[in-house]
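Structure first, then comments.
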Amino acid sequence: PMFHQVEGMVIDKGVTMADLKGTLNTVVEQLYGKGTKTRFRPHHFPFTEPSCEMDVQCHKCGGVGCPTCKGEGWIELLGAGMIHPRVLEMSGIDPNVYSGWAFGIGLERTAMRRFKIADLRLIFENDVRFLEQF
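For what it's worth, the numbering used here labels the leading residue of the sequence shown as 64, then goes sequentially.
In structure tokens, the structure reads:
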């Protein structure tokens with residue numbers, strides 16, 4: 064399936080996973096409001112270590128489980144992690160001095176929760192009745 068993604072990256076001295084989590088929680092608060100429930104799950108991405116995925120509580124069922132969230136109560140929003148030291152080295156950055164984090168957030172899933180769209184496929188069906196709402 065097709066999707067669109069916005070990516071972000073920070074590299075500096077002393078950057079930590081706590082910085083990443085705090086930043087992403089702030090982004091979610093700005094998108095969906097204070098009190099939006101999130102969770103981070105370990106995951107594997109080849110360019111970050113450690114890596115994680117961030118989920119937001121399902122907007123349709125409030126975390127109980129429904130068809131929108133496939134019964135899980137959560138919807139995956141983004142992937143993220145600490146930039147692998149080898150990636151920094153290959154970019155000419157000394158990983159003994161600098162660290163960094165990166166993330167990629169899906170635009171369709173972001174819109175899905177923000178506008179309370181029940182089915183992601185609606186975004187791609189080109190139904191004018193749906194699209195005119197925006």
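Glycine included, every Cβ here is placed at the ideal spot set by N, Cα and C.
On a predicted model such as this, the values are computed, not experimentally measured, just so you know.
Burial state of residue i (16 or more Cβ within 10 Å)
i: residue 122; result: buried
i: residue 79; result: exposed
i: residue 193; result: exposed
i: residue 143; result: buried
i: residue 89; result: exposed
i: residue 120; result: buried
Pair within 8 Å by beta-carbon distance, residue i and residue j
i: residue 118; j: residue 146; result: no
i: residue 151; j: residue 169; result: no
i: residue 71; j: residue 165; result: yes
i: residue 74; j: residue 163; result: yes
i: residue 104; j: residue 112; result: no
Residue i - partner residues in DSSP beta bridges
i: residue 111; result: 108 and 146
i: residue 165; result: 72 and 144
i: residue 138; result: 119
i: residue 79; result: Its beta-bridge partners do not exist; DSSP assigns none.
i: residue 102; result: 118
Nearest candidate by alpha-carbon position, reference residue i, set the options
i: residue 180; options: 196, 168 and 166; result: 196
i: residue 91; options: 177, 68, 185 and 188; result: 177
i: residue 110; options: 182, 183 and 153; result: 153
i: residue 161; options: 171, 93 and 149; result: 149
i: residue 108; options: 128, 191, 167 and 136; result: 167
i: residue 158; options: 69, 67, 86 and 77; result: 77
i: residue 17; options: 191, 171 and 136; result: Nothing in the structure corresponds to residue 17, since the chain is present only between 64 and 197.
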